[in-house]
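Peer 1: Provided herewith is a single structure, encoded as structure tokens, for subsequent inquiry.
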Amino acid sequence: MISRRGFLGTAAVLASATAVSGRVQAASIPEAPSTKTTTMQPPIFPTSGPDYQPVVTLNGWTLPWRMNGDWKEFHLVAEPVVREFAPGMKVNLWGYNGQAPGPTIEAVEGDKVRIFVTNKLPEHTTVHWHGILLPNGMDGVGGVTQPHIKPGQTFVYEFELRKSGTFMYHPHSDEMVQMAMGMMGMFVVHPRDAKFRRVDRDFVFIMSAYLIDPGTSLPKVAEMTDFNMWTWNSRVFPGIDPMPVRLGDRVRVRMGNLTMTNHPIHLHGHHFAVSCTDAGWVPESAQWPESTTDVPVGTIRGFDMVADNPGDWAFHCHKTHHAMNAMGHNIRNFIGVEKRDLAPRVRKLVPDYMPMGSAGMADMGAMEMPMPDNTLPMMTGFGQFGPIEMGGMFTVMKIREGLAANDYKDPGDYKNPQGTVAYEVANSSAPAPRRSGPAAQPNAVKPGNNHKGH
Ligand SMILES: [Cu+2]
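Residue numbers (this note's numbering): -5 to 448.
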């Protein structure tokens, strides 16, 4: 749970904000809420000011705030944290307020925000507000627009949010190390007109990548290309929350990318259009339909869709190595190798040799292999029909009839209507394909002919 001394972590608690705010306002620096939880926290609905549909952060939370006059005040604490990537693997990262990535900041177009940043890291830092239009001195570029924030210091950023949209925050101070250690978060500015592009469910996450050797718990920060943990909100499948959606909902998914490569993100069963980037809203006349959209490095893509097709729909990065966990690299391809012949010969050299992968590597999805501590299987997870054989940047959008508004609990496996699941037929009883249209060419392969007579 989020500690809430002076701050209010959930919608239910937020209603009593005015009762507490008098005490909090006595202190010049607001207390910093903190959490260790890795499950998606319920959205925080506004109880004063303009109405909006709040976002939910996969495996994350929204930073509570307080009003001080007409300023909306937040407090970020940069600090070392322990983040669970998925059950069975914990990683030492740097983040904000007990977690990496940091909490999502939500505010409204026109808000004046005052963000306190306390540095509890062993080195200096800053916070840059990616994509937000603000005075130069609030841009958070260490050495260029401000002095670095030394360990123990608290700095204040103050700016007015001139445009709504989807933005990010991250250090501009020893960037390579601090971002490789997980320091980042999302910053959502809602339109002042609550009806503008309003959706029923609004999901947000940020992508980061790490190189963590099997059996260790600290990222190697000097890596440029060969990462082995591809994460959404520093979680990997099967540790990433599903996205529960009510049939018919208008849905938005906002995705930030602070890895070192691009990610083509693909949703099954639906078509969508990119509605916003890190520079605001895409005019409807400039949108086109897609089922995969690339999220380049250092950008945000948000897409809108209507969830009109019930089911459990895979949602993942289409770079196959990014939907895998560590140990997916430097494996030789044995497909087609006759391992019955090979194994006895190799065992003369390596007595405990175990042949793997001569028919692909799907075996590994179901196999219990001995692994170093604190290491996840390369491909894992079980669904109602068997092993899922994924890792990394993969989850499922679960579209169901009759979910309550703002119910984000996992609804379980989809009950496919009878007769709508792919099924096995015995080879001998396979019906001959039906022919339609013009008569078959005389030399065409006839149905049932198994190409025997070459
Ligand atoms: Cu990817």
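Note that beta-carbon positions come from the ideal geometry of N, C-alpha and C, so glycine has one too.
Using 10 angstroms around the beta-carbon of V450, count the other beta-carbons present and answer buried if the total reaches 16, otherwise exposed.
Peer 2: Outside the shown range of the chain, which is -5 to 448, sits residue 450, and nothing can be said about it.
Peer 1: Return helix, strand or coil for V135, following the three-state DSSP convention.
Peer 2: On the sequence shown, residue 135 is found 141 positions in, with the first residue counted as 1. Coil at V135, not helix or strand.
Peer 1: Mind the definition here: the region 374 to 390 touches the region 281 to 301 only if three or more C-beta pairs lie below 8 angstroms; say whether that holds.
Peer 2: Cβ pair count under 8 angstroms is below three, so no.
Peer 1: Helix, strand or coil: how does DSSP classify Q463 here?
Peer 2: Coverage of the chain is limited to positions -5 through 448, which leaves residue 463 absent and any answer about it impossible.
Peer 1: Check the DSSP bridge columns for N303 and list the partner residues they point to.
Peer 2: For the purposes of this step, residue 303 is identified with residue 309 of the sequence shown, where counting begins at 1. Note: N303 sits in no beta bridge, so no partner.
Peer 1: Taking V102 as the reference, which of L155, W123, N91 and R77 has the closest Cα?
Peer 2: As a working note, residue 102 is residue 108 in the sequence shown. The residue with the shortest Cα to Cα distance from V102 is L155.
Peer 1: Is the region 184 to 191 touching the region 134 to 143 in the sense that three or more CB pairs, one from each, lie closer than 8 angstroms?
Peer 2: Result no; under three Cβ-Cβ pairs closer than 8 angstroms.
Peer 1: For E395, count neighbouring C-beta atoms within 10 Å of its own C-beta (all shown protein chains included) and say buried if the count is 16 or more, exposed if not.
Peer 2: Counting from 1 along the sequence shown, the entry for residue 395 is found at position 401. By the 10 Å Cβ count, E395 comes out exposed.
Peer 1: Classify I23: buried if its beta carbon has 16 or more other beta carbons within 10 angstroms, exposed otherwise.
Peer 2: Position 29 of the sequence shown holds residue 23. Counting Cβ neighbours within 10 Å, I23 comes out exposed, since fewer than 16 surround it.
Peer 1: Inspect the beta-carbon positions of T51 and G92 and report whether they are closer than 7 angstroms.
Peer 2: In the sequence shown, counting from the first residue as 1, residue 51 sits at position 57. In the sequence shown, counting from the first residue as 1, residue 92 sits at position 98. No. Outside cutoff.
Peer 1: Just to confirm, are T219 and S202 a CB contact at a threshold of 7 angstroms?
Peer 2: The count along the sequence shown starts at 1 and reaches residue 219 at position 225. The count along the sequence shown starts at 1 and reaches residue 202 at position 208. No, the pair does not count as a contact, with Cβ atoms beyond the cut-off.
Peer 1: In angstroms, rounded to a whole number, what distance separates the CA positions of K66 and D105?
Peer 2: Your numbering for residue 66 matches position 72 in the sequence shown. Your numbering for residue 105 matches position 111 in the sequence shown. K66 and D105: Cα-Cα distance of roughly 7 angstroms.
Peer 1: Give every residue of the same chain whose Cβ lies closer than 6 angstroms to the Cβ of M449, excluding the five residues on either side of it in the sequence, and list them in chain order.
Peer 2: Any property of residue 449 remains undetermined from this structure, which presents the chain solely from -5 to 448.
Peer 1: How would you label E73, buried or exposed, when you count the other beta carbons within 10 angstroms and need 16 or more for buried?
Peer 2: Reading the sequence shown from its first residue, position 79 is the one you call residue 73. Its Cβ being crowded by 16 or more others within 10 Å, E73 is buried.
Peer 1: Decide if F297 is buried, meaning its Cβ has at least 16 other Cβ atoms within 10 Å, or exposed.
Peer 2: Residue numbering aside, residue 297 sits at position 303 when the sequence shown is read from its first letter. Buried.
Peer 1: Skipping 5 residues on each side, what residues in its chain have a beta carbon closer than 6 angstroms to that of N514?
Peer 2: What is shown of the chain runs -5 to 448, which leaves residue 514 out entirely.
Peer 1: To the nearest angstrom, how far is the alpha carbon of E117 from that of P95?
Peer 2: Here residue 117 refers to the residue found at position 123 when the sequence shown is read from its first residue. Here residue 95 refers to the residue found at position 101 when the sequence shown is read from its first residue. Between E117 and P95, the C-alpha separation is close to 18 angstroms.
Peer 1: Over what stretch of residues does the beta strand (DSSP E) that includes L127 continue unbroken?
Peer 2: Numbered from 1 along the sequence shown, position 133 holds the residue referred to as residue 127. Counting along the chain, L127 falls outside any beta strand (DSSP E), and DSSP gives it neither H nor E.
Peer 1: Going by C-alpha distance, which of P44, T148, E100 and Y408 is nearest P58?
Peer 2: Along the sequence shown, one-based indexing puts residue 58 at 64. Among P44, T148, E100 and Y408, the Cα nearest to that of P58 belongs to E100.
Peer 1: Alpha carbon to alpha carbon, how far is T414 from A420? Give it in angstroms, no decimals.
Peer 2: On the sequence shown, residue 420 is found 426 positions in, with the first residue counted as 1. On the sequence shown, residue 414 is found 420 positions in, with the first residue counted as 1. When rounded, the distance between both Cα atoms is 18 angstroms.
Peer 1: Ligand 1 and H310: does any heavy atom of the ligand fall closer than 6 angstroms to the residue's C-beta?
Peer 2: Position 316 of the sequence shown holds residue 310. Incorrect: H310 has no Cβ contact closer than 6 angstroms to ligand 1.
Peer 1: Which residue from L70, G176 and M180 puts its Cα closest to that of L205?
Peer 2: Walking along the sequence shown from the start, residue 205 turns up at place 211. Comparing Cα-Cα distances from L205 to each of L70, G176 and M180, the minimum goes to G176.
Peer 1: Return helix, strand or coil for E278, following the three-state DSSP convention.
Peer 2: Counting from 1 along the sequence shown, the entry for residue 278 is found at position 284. E278: helix per DSSP, three-state reduction.
Peer 1: By DSSP's criteria, D298 is part of a beta bridge. Which residues make up the other side?
Peer 2: Position 304 of the sequence shown, counted from the first residue, corresponds to residue 298. D298 is bridged to R246 and A267.
Peer 1: Heavy atom of ligand 1 less than 6 angstroms from the Cβ of K114, yes or no?
Peer 2: If you number the sequence shown from 1, residue 114 lands on position 120. K114 Cβ: outside cutoff for every heavy atom of ligand 1.
Peer 1: Note down, in chain order, each residue of its chain lying with its Cβ closer than 8 angstroms to the Cβ of T98, except the 5 sequence neighbours on either side.
Peer 2: Working through the sequence shown from its first residue, we reach residue 98 at position 104. Contacts found: V49, T51, G54, W55, T56, L57, G179, M180, F181, V182 and V198.
Peer 1: What does a CB cutoff of less than 6 angstroms around A20 pick up in its chain, not counting 5 residues either side in sequence?
Peer 2: Locating residue 20 in the sequence shown gives position 26, counting from the first residue. With a pLDDT of only 43 at A20, under 50, the local geometry of the prediction cannot be trusted, and the value read off the model is given with reservation. If we look at A20 and ignore the five residues flanking it on each side, it has no Cβ neighbours.
Peer 1: Just the C-alpha distance for G386 and V85, rounded to the nearest angstrom, thanks.
Peer 2: The sequence position of residue 386 within the sequence shown is 392, counting from 1. The sequence position of residue 85 within the sequence shown is 91, counting from 1. Straight-line Cα distance between these residues: approximately 15 angstroms.
Peer 1: Is it true that the CB of R229 sits closer than 7 angstroms to the CB of F79?
Peer 2: Position 85 of the sequence shown, counted from the first residue, corresponds to residue 79. Position 235 of the sequence shown, counted from the first residue, corresponds to residue 229. Against a cut-off of 7 angstroms, the Cβ pair of R229 and F79 comes out as a contact.
Peer 1: Following the continuous beta strand (DSSP E) through E67, name the residue where it begins and the one where it ends.
Peer 2: As a working note, residue 67 is residue 73 in the sequence shown. It spans W65 to A80 - the beta strand (DSSP E) in which E67 sits, taken as one unbroken run.
Peer 1: Tell me whether H257 counts as near ligand 1, meaning its Cβ is closer than 6 angstroms to at least one heavy atom of that ligand.
Peer 2: For the purposes of this step, residue 257 is taken as the residue at position 263 of the sequence shown. Yes, the beta carbon of H257 sits closer than 6 angstroms to at least one heavy atom of ligand 1.
Peer 1: May I ask you to list the residues that DSSP assigns as paired with V193?
Peer 2: The sequence position of residue 193 within the sequence shown is 199, counting from 1. Looking at the DSSP assignment, V193 forms no beta bridge with any residue, so it has no partner.
Peer 1: Quick one: what's got a C-beta closer than 7 angstroms to Y46's C-beta in the same chain, skipping five residues either side?
Peer 2: Taking the sequence shown and counting its residues from 1, the one referred to as residue 46 is at position 52. Hits under 7 angstroms: P40, V102, H184 and A188.
Peer 1: Once the 5 residues before and after R108 are set aside, which same chain residues still bring their CB inside 8 angstroms of it?
Peer 2: Translated into the one-based positions of the sequence shown, residue 108 becomes position 114. The answer, listed in chain order, is N62, W65, K66, E67, F68, V150, Y151 and E152.
Peer 1: Indicate, with yes or no, if ligand 1 has a heavy atom lying under 6 angstroms from the CB of H260.
Peer 2: For this step, residue 260 is matched to residue 266 along the sequence shown. Not under cutoff, so the answer is no.
Peer 1: Kindly identify the DSSP beta-bridge partner or partners of P238.
Peer 2: The count along the sequence shown starts at 1 and reaches residue 238 at position 244. Its beta-bridge partners are K392.
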